[in-house]
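Engineer: Here it is, the structure, as structure tokens.
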Amino acid sequence: MINIWEVNETNKMIEQENLDVRTITLGISLLDCIDADLPKLNDNIYRKITGVAADLVKVGDEIERNYCIPIVNKRISVTPIALVGQAACRTPEDFVSVARTLDRAAKAVGVNFIGGYSALVSKGMTAGDENLIRSIPQALAETERVCSSVNVGSTKTGIDMDAVKLMGEIIRETAERTKENDSLGCAKLVVFCNAPDDNPFMAGAFHGVTEADAVVNVGVSGPGVVKKALEEVRGADFGELCETIKRTAFKITRVGQLVAQEASRRLGIPFGIIDLSLAPTPAVGDSVAEILEEIGLERAGAPGTTAALALLNDQVKKGGIMASSYVGGLSGAFIPVSEDQGMIDAVEAGALTLEKLEAMTCVCSVGLDMIAIPGDAAPSTISGILADEMAIGMVNQKTTAVRLIPVIGKDVGETVEFGGLLGHAPVMPVNRFGCEAFVRRGGRIPAPIHSFKN
Amino acid sequence: MEKTMDRTIITVVGKDAVGIIARVCAYLADEGINVLDISQTIVQGFFNMMMVVDMKGAGKPFGECAKELEKLGEEIGVAIKCQREEIFNKMHRV
Chain A
23 MINIWEVNET NKMIEQENLD VRTITLGISL LDCIDADLPK LNDNIYRKIT GVAADLVKVG
83 DEIERNYCIP IVNKRISVTP IALVGQAACR TPEDFVSVAR TLDRAAKAVG VNFIGGYSAL
143 VSKGMTAGDE NLIRSIPQAL AETERVCSSV NVGSTKTGID MDAVKLMGEI IRETAERTKE
203 NDSLGCAKLV VFCNAPDDNP FMAGAFHGVT EADAVVNVGV SGPGVVKKAL EEVRGADFGE
263 LCETIKRTAF KITRVGQLVA QEASRRLGIP FGIIDLSLAP TPAVGDSVAE ILEEIGLERA
323 GAPGTTAALA LLNDQVKKGG IMASSYVGGL SGAFIPVSED QGMIDAVEAG ALTLEKLEAM
383 TCVCSVGLDM IAIPGDAAPS TISGILADEM AIGMVNQKTT AVRLIPVIGK DVGETVEFGG
443 LLGHAPVMPV NRFGCEAFVR RGGRIPAPIH SFKN
Chain B
12 MEKTMDRTII TVVGKDAVGI IARVCAYLAD EGINVLDISQ TIVQGFFNMM MVVDMKGAGK
72 PFGECAKELE KLGEEIGVAI KCQREEIFNK MHRV
């Protein structure tokens, strides 16, 4: 039988170390909503989402009460709208009407974000894909809860550089459209390589076409718990360090698994996956950077950071996979800048640069995340950064993503405040040298060779 | 046998005082909640109790009992928490 020490350990994790379930994300297929008539399409989408997700928030709250474990977010992901809307939407404005419908549905069921205003264009864009992409700035400016993502490359297809070029412009335009709010629109826009079909985390969540009609995916968290556990093994060798992370990741993930099973049972919707990610928040003691410091770095970004992050990421997976039958999504340590107080401190202290963050993304999920850059960064420079990050994902057969915020009217040395879970961020410098001629070439970067790996 | 139970863990943490267990147990008895196990320690002057109970016979739904116990805790000056047992089993047993 469970003993008092075990009960106290669990409750200490929840009460003092910020253990929570970051999100229950209900994935909903909209393929059966497709219609060539736009009002009919919008009506179908609204009915489907508000029907399937009617009890999502209620069930989430019930589970929270039953186990006294905070479930921070209840969210929805849908089939990429470029696929759902192509038959009805002839212009970018048509797609914006679908974004408004998604926003309305999200508000009706009480979720804080709905993901899937997305296009999958890793090899090329159809006219409909391009219309959706061109509608993103307006859609994100005019809606509150809609999140957008575009997959522009994969290991199997290479990188669609036309889409990369376009996304540099779209990110910049989204920033312009939302400049009154520190370009917040860009915090809801992710560019992917090898995007997973079952990611529960925003802003990159969408419900892939390989998925069932509806699934429950759960994202766990718990950087604070790992940090506390590592405080107990200060000075120990790497074997003991790794063992401690693994054991802790196991415990965290088991809670996620329990919540996912309960949510699935109560909603009558199948369980999909647990996403093992260590997701930080701006709260003190809920930081991935602090784990890196606990491993032995003065600041995140110091020499040794990439190695420390690599081992952290690997141990989290090893512990987590043992704890759950189905693991998916992004599954790894997140290193967003604005959402992690330790990362913000490291940037402000001059320890962490954009280039070091790029190196770190080679060994963890997901990518360059929530990074504020000067608002006058050229679209081609943004495209260049995108291309670099996509290349890392393509060659290493992993998911990479970019969520950059060019803050209009702000420059290096200033800070932006996004509020809530999105946090605040110092504007980071980008390399001043241009890449216009590279980005302008157009076409595709071919898929990499899958043998002769060196 | 186990499966027919509705096992819940009640934790009581706070400053030690006379009659904490008595008042919690009186509430449980009134509501038809059966106590299966109690362990209790004093850590650094703080009262720390864990009860394993079976809520199968409870007259009220889980959420309501949890709320009432929380309120009772406020009256006594301790924190009372009610959690389904699975969260601990899942976390601490392979």
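So the sequences go chain by chain: A and B.
Quick note: the first sequence uses this note's numbering, first residue 23, plus one each step.
Quick note: the second sequence uses this note's numbering, first residue 12, plus one each step.
Glycine is no exception: its CB is placed at the ideal position from the N, C-alpha and C atoms.
Can you check DSSP and say which residues form a bridge with glutamine 51 (chain B)?
Structural biologist: DSSP lists B:Met60 as partners of glutamine 51 (chain B).
Engineer: Taking the straight line between their C-alpha atoms, what separation do you get for valine 94 (chain A) and arginine 44 (chain A)?
Structural biologist: Those two C-alpha atoms are separated by around 5 Å.
Engineer: Among B:Ile87, B:Glu75 and B:Gln51, which one has its Cα closest to the Cα of valine 29 (chain B)?
Structural biologist: For valine 29 (chain B), the nearest C-alpha among the options comes from B:Ile87.
Engineer: Is the shortest distance between the beta-carbon of valine 248 (chain A) and the beta-carbons of chain B less than 8 Å?
Structural biologist: It does not: the Cβ of valine 248 (chain A) has no partner Cβ on chain B nearer than 8 Å.
Engineer: In the stretch 77 to 88 of chain A, which residues sit with their C-beta less than 9 Å from some C-beta in chain B, listed in chain order?
Structural biologist: Result list: Glu84, Arg87 and Asn88.
Engineer: Opposite asparagine 173 (chain A) in the DSSP bridges: which residues?
Structural biologist: A:Leu142 and A:Phe214, per the DSSP bridge assignment.
Engineer: In chain order, what residues of the stretch 71 to 105 of chain B put their CB closer than 7 Å to some CB of chain A?
Structural biologist: So the list reads Phe73, Gly74, Ala77, Lys92, Gln94, Arg95, Glu96, Glu97, Ile98, Phe99, Asn100, Lys101, Met102 and His103, given in the order they occur along the chain.
Engineer: Got a sec? Which residues, its chain only, sit under 8 Å from glutamine 51 (chain B) by beta carbon, not counting five neighbours each side?
Structural biologist: Result list for glutamine 51 (chain B): Ile32, Phe58, Asn59, Met60 and Met61, in chain order.
Engineer: Leaving out five residues before and five after valine 306 (chain A) in sequence, what residues of the same chain have Cβ atoms less than 8 Å from its Cβ?
Structural biologist: Same-chain partners within the cutoff: Gln363.
Engineer: Straight-line CA distance for valine 106 (chain A) to valine 46 (chain B)?
Structural biologist: Near 55 Å, if we compare the C-alpha coordinates of valine 46 (chain B) and valine 106 (chain A).
Engineer: Would a C-beta distance cut-off of 8 Å place alanine 399 (chain A) and proline 428 (chain A) closer than the cut-off?
Structural biologist: In contact: alanine 399 (chain A) and proline 428 (chain A) (Cβ atoms closer than 8 Å).
Engineer: Can you tell me whether DSSP reads aspartate 65 (chain A) as helix, strand or coil?
Structural biologist: The answer is helix: DSSP assigns aspartate 65 (chain A) an H, G or I state.
Engineer: Smallest Cα separation from glutamate 42 (chain B): which of B:Met16, B:Lys67 and B:Asn100?
Structural biologist: Nearest of B:Met16, B:Lys67 and B:Asn100 to glutamate 42 (chain B), Cα basis: B:Lys67.
Engineer: Consult DSSP for valine 446 (chain A) and reduce its assignment to one of helix, strand or coil.
Structural biologist: A quick correction: the sequence has histidine, not valine, at residue 446 (chain A). Residue state, collapsed to three classes: strand.
Engineer: In the DSSP output, which residue or residues are listed as bridge partners for phenylalanine 135 (chain A)?
Structural biologist: Answer is A:Arg97, bridged to phenylalanine 135 (chain A).
Engineer: Kindly indicate which residue of A:Asp59, A:Arg97 and A:Glu28 has the alpha-carbon position closest to the one of glycine 49 (chain A).
Structural biologist: Taking only the C-alpha atoms, the option nearest glycine 49 (chain A) is A:Arg97.
Engineer: Taking the C-alpha atoms as reference points, what is the distance between threonine 275 (chain A) and leucine 298 (chain A)?
Structural biologist: Answer to the nearest angstrom: the Cα atoms are 7 Å apart.
Engineer: Valine 81 (chain A) lies in the alpha helix (DSSP H); which residues open and close that run?
Structural biologist: Where valine 81 (chain A) is concerned, the enclosing alpha helix (DSSP H) stretches over 78 to 89.
Engineer: For a cutoff of 8 Å on Cβ pairs, would you count isoleucine 20 (chain B) as touching chain A?
Structural biologist: Closer than 8 Å to some Cβ of chain A, the Cβ of isoleucine 20 (chain B) qualifies, so yes.
Engineer: When you compare the stretch 410 to 417 of chain A with the stretch 384 to 391 of chain A, are there three or more beta-carbon pairs, one atom per stretch, that lie closer than 8 Å?
Structural biologist: Because the criterion of three Cβ pairs below 8 Å is met, the stretch 410 to 417 of chain A and the stretch 384 to 391 of chain A touch.
Engineer: Should valine 23 (chain B) be flagged as near chain A, meaning a C-beta pair shorter than 8 Å?
Structural biologist: No, valine 23 (chain B) lies away from the interface with chain A (no Cβ there is under 8 Å from its Cβ).
Engineer: Tell me whether lysine 34 (chain A) is buried or exposed, calling it buried when 16 or more other Cβ atoms sit within 10 Å of its Cβ.
Structural biologist: Exposed, by the Cβ-count rule.
Engineer: Below 8 Å on the Cβ atoms is my guess for glycine 351 (chain A) versus proline 218 (chain A); work out the distance and round it to an integer in Å.
Structural biologist: Yes, they are in contact, since the Cβ atoms of glycine 351 (chain A) and proline 218 (chain A) sit about 6 Å apart, within 8 Å.
Engineer: Looking at the strands, I want to know which residues DSSP matches up with glycine 180 (chain A).
Structural biologist: Its beta-bridge partners are A:Ser176.
Engineer: How is isoleucine 56 (chain A) classed by DSSP in three states: helix, strand or coil?
Structural biologist: In this structure, isoleucine 56 (chain A) counts as coil in the three-state DSSP scheme.
Engineer: According to DSSP, leucine 300 (chain A) sits in a beta bridge with which residue or residues?
Structural biologist: Answer is A:Ala355.
Engineer: Could you tell me which chain B residues have their CB closer than 8 Å to the CB of valine 29 (chain A), listed as they occur along the chain?
Structural biologist: What valine 29 (chain A) touches in chain B: Ile20, Thr22, Met61 and Phe99.
Engineer: How many whole angstroms separate the CB atoms of aspartate 220 (chain A) and glutamate 233 (chain A), which I take to be in contact at a CB cut-off of 8 Å?
Structural biologist: That belief holds up - the Cβ atoms of aspartate 220 (chain A) and glutamate 233 (chain A) are roughly 7 Å apart, short of 8 Å.
Engineer: Is threonine 19 (chain B) helix, strand or coil when you go by DSSP?
Structural biologist: Residue state, collapsed to three classes: strand.
Engineer: Would you mind reading off the limits of the alpha helix (DSSP H) that contains proline 401 (chain A)?
Structural biologist: First-last of the alpha helix (DSSP H) with proline 401 (chain A): 401 to 418.
Engineer: Using the beta-carbon count (16 or more within 10 Å), is valine 105 (chain B) buried or exposed?
Structural biologist: Exposed: under 16 other Cβ atoms inside 10 Å.
Engineer: Can you list, in chain order, the residues of its chain whose CB lies under 7 Å from that of glycine 431 (chain A), leaving out five sequence neighbours each side?
Structural biologist: Within the same chain, glycine 431 (chain A) has close Cβ partners Lys201 and Gly397.
Engineer: Would you identify the three-state DSSP class for isoleucine 267 (chain A), choosing helix, strand or coil?
Structural biologist: It is helical.
Engineer: Give the DSSP-derived three-state secondary structure of asparagine 239 (chain A) in the structure shown.
Structural biologist: Strand at asparagine 239 (chain A).
Engineer: Counting along the chain, where does the beta strand (DSSP E) carrying methionine 392 (chain A) start and finish?
Structural biologist: 390 to 396 is the extent of the beta strand (DSSP E) around methionine 392 (chain A).
Engineer: So glutamine 17 (chain A) is in the alpha helix (DSSP H); what residue range does that whole segment cover?
Structural biologist: Beyond the ends of chain A as shown, which are 23 and 476, falls residue 17 (chain A); an answer cannot be given.
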